[in-house]
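Residue numbers (our numbering): 475 to 866.
Structure, as structure tokens:
See below:
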């Protein structure tokens with residue numbers, strides 16, 4: 475049991491450290507470099523797990539894989555946001571979030587087929603090989619022209635933009651009239667000063683840094699607590715184990731629904747008020763869910779709560795937080811906020827276990843509700859609207 479707990483904890487520690495490291499590397503060495511190195515680490519560590527001779531080795535390799543995965547999450551959403559137009563940035567980054575949030579049920583289904591028949595080791599082989607295949611094919615992914623520009627490497631930024639123009643001409647048969655990067659609106663707001671990590675806590679950035687950290691801490695607390703502990707909380711409410719697992723599976727159907735709603739509406743409604751509304755509704759549905767004993771009410775409110783949590787996953791975690799920071803600080807700001815969110819997934823199980831044993835399951839949803847409400851208020855007062863804004 476201790477080793478199983480260590481396996482889970484080491485994964486989260488790896489995610490925590492990977493989030494921080496990728497932020498620093500992505501801002502200093504480039505997005506493409508960080509994007510490739512993190513997937514290589516994850517793929518090789520996953521593949522090596524197949525050969526793990528004992529649980530201790532597997533735990534260490536899992537921590538290394540977690541490091542790569544934590545870095546991947548930070549880099550992927552922010553990098554895509556730097557390539558797509560401001561007017562449709564929410565749609566495209568949100569689409570990536572929809573795909574990402576479909577991975578858990580897909581992985582669960584694959585595990586259901588693979589593990590009983592040929593063993594758990596082959597799950598690591600499948601993940602490792604798939605990661606290395608993706609790593610190979612995305613070697614040609616260009617560096618973000620915004621990052622080049624923020625580093626003063628204007629000719630490199632020009633080359634990337636020209637490459638896109640040439641590809642568009644081949645595909646659509648028309649030639650773009652061309653741009654001068656020194657005059658282009660898409661780039662003229664980018665701050666090209668050298669950056670330091672300490673700037674995240676300067677007078678210009680500290681509110682955004684705190685807001686980003688609180689938002690991701692709240693989302694991770696709600697998602698981890700509800701998704702991971704839902705069967706246990708249901709059992710403690712008097713529902714049988716078999717029924718609790720079935721209820722949890724049905725409620726999790728709200729995950730892709732929520733991510734798709736977020737992706738489809740964020741460019742029309744805007745980020746700020748969509749996030750505020752989702753936090754408020756998560757608190758309301760969570761509070762109502764805590765007092766239900768009727769199966770239909772439990773599944774309905776649980777489904778709606780899951781939808782709201784994954785709207786936040788798509789809009790706040792994937793789109794809004796990276797947009798809060800200027801290009802030269804984006805990866806470090808996003809990485810720091812992601813690391814804080816991961817830290818809360820490390821400490822939340824202890825808080826949940828303590829409340830569950832002393833106060834009962836209702837207290838857990840009250841805790842989540844208060845956290846969601848406080849975060850909504852903070853977003854109202856400190857959160858800028860970033861809808862269709864050009865990244866600085």
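Here a beta-carbon is modelled for each residue, glycine too, at the ideal position from N, C-alpha and C.
How many Å lie between residue i and residue j at the Cα?
| i | j | result |
| --- | --- | --- |
| residue 640 | residue 593 | 48 Å |
| residue 791 | residue 772 | 27 Å |
| residue 837 | residue 761 | 9 Å |
| residue 688 | residue 753 | 12 Å |
| residue 655 | residue 561 | Its pLDDT being 49, under 50, residue 655 is placed unreliably by the model, and nothing is read from it. |
| residue 503 | residue 623 | 13 Å |
| residue 657 | residue 851 | Unreliable placement is indicated for residue 657, whose pLDDT of 48 sits below 50; no coordinate value is reported for it. |
| residue 834 | residue 823 | 14 Å |
| residue 686 | residue 542 | 22 Å |
| residue 744 | residue 573 | 21 Å |
| residue 867 | residue 718 | A query on residue 867 cannot be resolved here, the shown segment of the chain reaching from 475 to 866 and no further. |
| residue 713 | residue 770 | 13 Å |
| residue 693 | residue 699 | 10 Å |
| residue 621 | residue 596 | 39 Å |
| residue 916 | residue 642 | With the chain running from 475 to 866 in the structure shown, residue 916 is simply not present. |
| residue 609 | residue 509 | 9 Å |
| residue 515 | residue 538 | 7 Å |
| residue 632 | residue 638 | 10 Å |
| residue 809 | residue 671 | 11 Å |
| residue 626 | residue 534 | 40 Å |
| residue 555 | residue 484 | 30 Å |
| residue 579 | residue 477 | 25 Å |
Between residue i and residue j, how many whole angstroms is the CB-CB distance? I'm expecting something under 8 Å.
| i | j | result |
| --- | --- | --- |
| residue 498 | residue 816 | Contact doesn't hold; Cβ gap of about 16 Å is too wide. |
| residue 506 | residue 615 | 6 Å |
| residue 803 | residue 674 | 6 Å |
| residue 619 | residue 635 | 6 Å |
| residue 496 | residue 512 | 6 Å |
| residue 568 | residue 788 | 5 Å |
| residue 735 | residue 684 | About 27 Å separates the two Cβ atoms, so there is no contact after all. |
| residue 690 | residue 812 | 6 Å |
| residue 781 | residue 732 | 4 Å |
Restricting to Cα atoms, I'd like to know which of the options is closest to residue i.
| i | options | result |
| --- | --- | --- |
| residue 552 | 570, 539, 540 and 536 | 570 |
| residue 746 | 861, 782 and 774 | 861 |
| residue 501 | 738, 519 and 549 | 549 |
| residue 819 | 480, 481, 490 and 769 | 490 |
| residue 840 | 782, 544 and 758 | 758 |
| residue 750 | 849, 778, 723 and 787 | 849 |
| residue 602 | 737, 522 and 617 | 522 |
| residue 726 | 764, 740 and 783 | 783 |
| residue 774 | 721, 789 and 812 | 721 |
| residue 547 | 580, 488 and 525 | 488 |
| residue 856 | 682, 638, 756 and 742 | 682 |
| residue 606 | 520, 724 and 798 | 520 |
Report yes if the C-beta of residue i is less than 6 Å from at least one heavy atom of the ligand FAD; otherwise report no.
| i | result |
| --- | --- |
| residue 524 | Summarising the ligand content, the structure contains no ligands, and the ligand FAD is consequently not present. |
Exercise for the section: Output the residue ranges of the beta strand (DSSP E) runs that lie fully inside the region 562–597 and measure 3 residues or longer, sorted by chain position. Expected result: If we require 3 residues or more, the region 562–597 turns out to have no beta strand (DSSP E) run fully inside it.
Exercise for the section: Please list the segments of the alpha helix (DSSP H) lying wholly inside the region 477–565, counting only runs of 4 or more residues, in order along the chain. Expected result: Runs of the alpha helix (DSSP H) lying entirely within the region 477–565 and spanning at least 4 residues, in chain order: 505–523 and 529–557.
Handout entry: Residue ranges of each alpha helix (DSSP H) within the region 744–773, 4 or longer
Key = Entirely contained in the region 744–773, the alpha helix (DSSP H) runs reaching 4 residues are, in chain order, 745–764.
Problem - Unbroken stretches of the alpha helix (DSSP H), 4 residues or longer, contained in the region 832–857 - result: Within the region 832–857, the runs of alpha helix (DSSP H) that reach at least 4 residues and sit entirely inside it are, in chain order, 835–856.
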